[in-house]
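Below is one structure; the comments refer to it alone.
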Amino acid sequence: MAGATDAPSGDLATEILAALDKQEPILSAQAFPTLKFAEVKSALDRLASRSMVTYETIEKEEAILEPEAQTIAANGSHEARVFEALRTAMDGLTVQELESAVGDRSVTKIGQGKAFKEKWISKGKDGKLKASVDLIQDITREHLKLIQEKQTHPDSKVLADLKKRKLIKMQKVISFKIHKGEKFALEITKEETDLTGDMFASGAWKTSTFKPYNFKAQGSAANAGALHPLNKVRHAFRQIFFEMGFQEMPTNRFVESGFWNFDALFVPQQHPARDLQDTFYISDPKAALPPAAESAEDKADYKEYWENVKQVHQDGKFGSIGYRYPWSAQESLKLVLRTHTTAISTAMLHKLAQMKGPDGRPPPARYFSIDRVFRNESVDATHLAEFHQVEGVIADYGLTLGGLMEFMQIFFGKMGIYDLKFKPAYNPYTEPSMEIFSFHKGLNKLVEIGNSGMFRPEMLESMGLPKDMSVYGWGLSLERPTMIKYGISNIRELLGHKVDLGFIERNPAVRLDKN
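Residues 184 to 698 (the numbering used here) are what the sequence shown spells out, left to right.
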């Protein structure tokens, strides 16, 4: 096996060895001027890995002629062509005659100006252009021919002028200076990569050359799954909620009736949020069953709840005068893609109202949910028609607005968000309501990070909760903190068909800064 080769005589690696045998060192740009960089580099790496050659990389900038400059190198500069046309016309030429003689209007226009500047031509009293000298030296053409023939480059000032005139462009050229290596030879010995049973049987292993094992080689990338950045941030939020004693609500109902999504939340049926331009309505089936028909076990209770919601909207109840409009059961049963997870919170609070603690009253509870909601939004860099809502509710006795503000400080503090500011706001189902702001150091301004409030008695007492039980509610999107955490400016790069799978695989686990 010794002496066997794995390259034909015409192989580039063999040609490099033959050239190097005649002269050392050799320059790739001179020895192989027509070959591409990648071809030469591949052959050199193959030889260098066998210690047959060593090489140095040489980088330099080289001037390349633009198409107009190639024309000048062949036919002369614009100014020289104008001069030549006037030199042969003894009585001079008008501008129109000059354009006809040169044959190119743009060449005439540019060349005329430069010829005047060089004082090669002048204008007579009769208005005609004439040659002012007998001979000229076309320096521009000479410089371009030197560059074209890859001879000595003009000085930097000349190159700068030619570049300004857009006659040349500078291009980085990489070449190699090649030397003989420690194991230089004219033939490339075949290196075995495996020791086989046949080699042992024939004794060929004794004369074979084996390729050295590369302990520094990187292994192939493992094909493994990766969590989406939204899931990573979602997991961090879930841990915060569990740490604070919350129970996760089931959020598998993407389609809700208008009753649970709006009416039970004391949202009037004429509210803009229920318009087609804001909410996705289901076309088939168009309507849901009344809540009383959803559960045979609690049929009577659901029927009472339905009537309470109707009365509190239409006529007023539980100390409220209501909205005083004819409430429509048909409107309440329209099916929608849920616009918020508060519809789930309402259903959970209704179930809580049926529970009895040791004192015969509903026990305190803490619920949270993180899941998708749908809005009929115009899609842009910060909005999608679907997004994830993070929502929490606390039901207890003796709650106050000051307690809600304190809880928000603690909750957001666990994410590393401090110095909260609160602004009064309006929500149909909370009173009082507050928008939550925090100072964003990157943007150098206050940004809204959530919405909160205390659920209205019209909503809570309709479902059977006692008058002295209050409920905190707050929510924020999952996308905004994820975009801030991973430095994403366009939400379409985070969610949807344009997401880069490599981006998902590369991003690290999220750790919300608590310090």
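C-beta atoms are modelled at their ideal positions from N, C-alpha and C, and glycine is treated no differently.
Check	Outcome
Three-way DSSP call (helix, strand, coil) for Phe393 in this model	strand
Beta-carbon proximity of Phe442 to Arg521, cut-off 8 Å	no
Whole runs of the beta strand (DSSP E) within the region 568 to 592, excluding any shorter than 3 residues	569 to 580
Contact check, Lys302 vs Glu262, beta carbons under 8 Å	no
Sequence ranges, beta strand (DSSP E) only - wholly within the region 344 to 429, length at least 3	351 to 363
Cβ shell of Gly529 (< 7 Å), same chain only, five flanking positions each side left out	Sequence inspection shows Thr at residue 529; the Gly mentioned does not correspond to that position. The answer, listed in chain order, is Trp443, Ala447, Leu448.
Under the three-state DSSP convention, the category Thr613 falls into	strand
Proximity of Ser552 and Glu431 at Cβ, strictly below 8 Å	yes
Expected contact under 8 Å - CB spacing of Trp510 and Gln452 to nearest Å	7 Å
Which listed residue (Pro611, Gly656, Met637, Leu661) has its alpha carbon closest to that of Phe445	Pro611
Cβ contact (3+ pairs, closer than 8 Å) linking the region 219 to 235 and the region 355 to 374	yes
Simplified DSSP assignment, three categories, for Met637	strand
Helix, strand or coil at Glu618 according to DSSP, with G and I counted as helix	strand
Check: Ala456 C-beta below 7 Å from any heavy atom of the ligand FAD	The model depicted lacks the ligand FAD and carries no ligand whatsoever.
Residues near Ile209 in its chain [Cβ-Cβ closer than 7 Å; skip 5 each side]	Ala202, Leu203, Ile361
Endpoints, alpha helix (DSSP H) assigned at Ala221	220 to 231
Other residues of its chain near Glu245: CB distance less than 6 Å, five sequence neighbours each side excluded	Gln354, Val356
Contact set for Glu688: own chain, Cβ-Cβ below 6 Å, skip 5 residues either direction	Ala409
Where the alpha helix (DSSP H) through Glu514 begins and ends	512 to 515
Cβ-Cβ distance between Ile249 and Ile351 below 8 Å	The question names Ile, but residue 249 in the sequence shown is Glu. Taking 8 Å as the Cβ cut-off, Glu249 and Ile351 qualify as a contacting pair.
Reduced DSSP secondary structure (H/G/I, E/B, other) of Ser528	helix
DSSP beta-bridge partners of Trp657	Gly575, Ser635
In DSSP terms, what Val236 is bridged to	Lys363
Beta carbon of Ile304 nearer than 8 Å to that of Ser315	yes
For Arg555, the residue or residues it bridges with in DSSP	His571
For Met652: DSSP bridge partner residues	Tyr580
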